[in-house]
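Student: Structure incoming, see below.
In the numbering used here, the protein residues as written are 991 to 1254.
Here you go:
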């Protein structure tokens, strides 16, 4: 996050309109962004990282995400400790962000829905301080978290026991044909598998924590409600990327969270 902020400051200082007495004119930056100033957009496009963060590729055409850029410029200075732009409530809201009891077009809203959560899943993790990385304010941290990780201690297991793994069995297309058991944080694992298995998985079956607060399980079954929803959202989004067009996903859950999970 620090690197992106400093790089953006350095880049914007190249535009004389945005600098006075050696300081960036933040309101001027926001004003030009609102007006979709061509020179400002060209300046941002000249930097590879800014292009990745503040532009969306639509069929080869780059679209400037004005709202994301303005939110980034605004929040970092005035709300350095703010990790979410949402109210600390859970419920249904309308397009203005007002909570409502009944409406045809609704969205499930909860604190930190705009964040990525690593999520501790062991029982010992129940007391950990979870960190919510905001998608706009902390892109560097999220990139590091979700970058593919190296798998270690691989072994081949058959009817005769464990053996050293020399290589995976693959077909003529290079697709892995071995059955794999991978131990680790499933968010990190899913993102590590994404490049090789995206669009190839027939079936995903998950058995997440039911979040009942039950102390008899070995895994963490005592998330805050909002934390649990972020935990599930992050994993379901990447899991869907792994599915084939005709693939299906099943989730085992009980009444404690099923209604919100269904809306999610």
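Heads up, the beta-carbon is just placed ideally off N, CA and C, and yes, glycines get one too.
#1: Exposed or buried, which one is residue 1198 when buried takes at least 16 other CB atoms within 10 Å?
#2: Could you please give the first and the last residue of the uninterrupted beta strand (DSSP E) stretch that includes residue 1195?
#3: Specify the secondary structure class of residue 1179 as computed by DSSP and reduced to three states.
#4: Between the stretch 1119-1129 and the stretch 1238-1248, do at least 3 Cβ pairs fall closer than 8 Å?
#5: Just to confirm, are residue 1109 and residue 1177 a CB contact at a threshold of 8 Å?
#6: Throw me the rounded Cβ distance for the residue 1190 and residue 1225 pair, which I believe falls under 8 Å.
#7: Assuming residue 1157 is part of the alpha helix (DSSP H), what are its boundary residues?
#8: Using CA coordinates, which residue listed in 1163, 1153, 1063 is at the minimum distance from residue 1024?
#9: Tell me which residue opens and which closes the beta strand (DSSP E) that residue 1240 is part of.
#10: Could you tell me which whole beta strand (DSSP E) segments of length 3 or greater appear in the stretch 1122-1174?
#11: Helix, strand or coil, according to DSSP, for residue 1029 in the structure here?
#12: What span of residues does the beta strand (DSSP E) with residue 1054 cover, start to end?
#13: Please indicate yes or no: does the CB of residue 1193 lie closer than 7 Å to some heavy atom of the ligand FMN?
#14: Assuming residue 1158 contacts residue 1148 (C-beta within less than 8 Å), just tell me the rounded distance between them.
#15: With burial defined as no fewer than 16 other Cβ atoms inside 10 Å of the residue's Cβ, what is the status of residue 1150: buried or exposed?
#16: For the alpha helix (DSSP H) containing residue 1080, list its first residue and its last residue.
#17: According to the neighbour-count rule (16 or more other Cβ atoms, all chains shown, within 10 Å of its Cβ), is residue 1215 buried or exposed?
#18: Pick out whichever of 998, 1007, 1250, 1181 has its Cα sitting closest to the Cα of residue 1137.
#19: Please classify residue 1247 as buried or exposed, where buried requires at least 16 neighbouring CB atoms within 10 angstroms.
#20: Alpha carbons only, please: which of 1156, 1019, 1164 is nearest the one belonging to residue 1007?
#21: Give the range of the alpha helix (DSSP H) segment to which residue 1022 is assigned.
#22: Residues in the same chain with beta-carbon distance under 8 Å from residue 1120, minus the five sequence neighbours each way, listed in chain order, please.
#23: If contacts are defined as beta-carbon pairs under 8 Å, then residue 1058 and residue 1044 qualify, I think. What distance do you get, rounded to the angstrom?
#24: Where does residue 1035 fall in DSSP's three states?
#25: Provide the residue(s) that pair with residue 1047 in DSSP beta bridges, ordered along the chain.
#26: Between the alpha carbons of residue 1013 and residue 1104, how many angstroms are there, rounded?
#27: According to DSSP, residue 1010 sits in a beta bridge with which residue or residues?
#28: What does the alpha-carbon distance come out to for the pair residue 1250 and residue 1238?
Tutor: Taking the coordinates as given:
#1: Its Cβ being crowded by 16 or more others within 10 Å, residue 1198 is buried.
#2: That run of the beta strand (DSSP E) goes 1191-1196.
#3: Helix at residue 1179.
#4: no
#5: yes
#6: Their Cβ separation, rounded to whole angstroms, is 18 Å, which puts residue 1190 and residue 1225 out of contact at 8 Å.
#7: Taken as a continuous stretch (DSSP letters only), residue 1157 belongs to no alpha helix (DSSP H), as it is neither H nor E.
#8: 1063
#9: Here the beta strand (DSSP E) through residue 1240 covers 1233-1241.
#10: 1122-1124, 1145-1148, 1151-1154
#11: helix
#12: 1051-1054
#13: Judged by which ligands are present, the structure shown has none, so any question about the ligand FMN falls away.
#14: 14 Å between Cβ atoms; not a contact.
#15: exposed
#16: Unbroken run through residue 1080: none, as it is neither H nor E.
#17: exposed
#18: 1181
#19: buried
#20: 1019
#21: 1016-1024
#22: So the qualifying residues of the chain are 1107, 1108, 1109, 1110, 1217.
#23: 6 Å
#24: helix
#25: 1052, per the DSSP bridge assignment.
#26: 31 Å
#27: 1013
#28: Using only the alpha carbons, I get a separation of about 20 Å.
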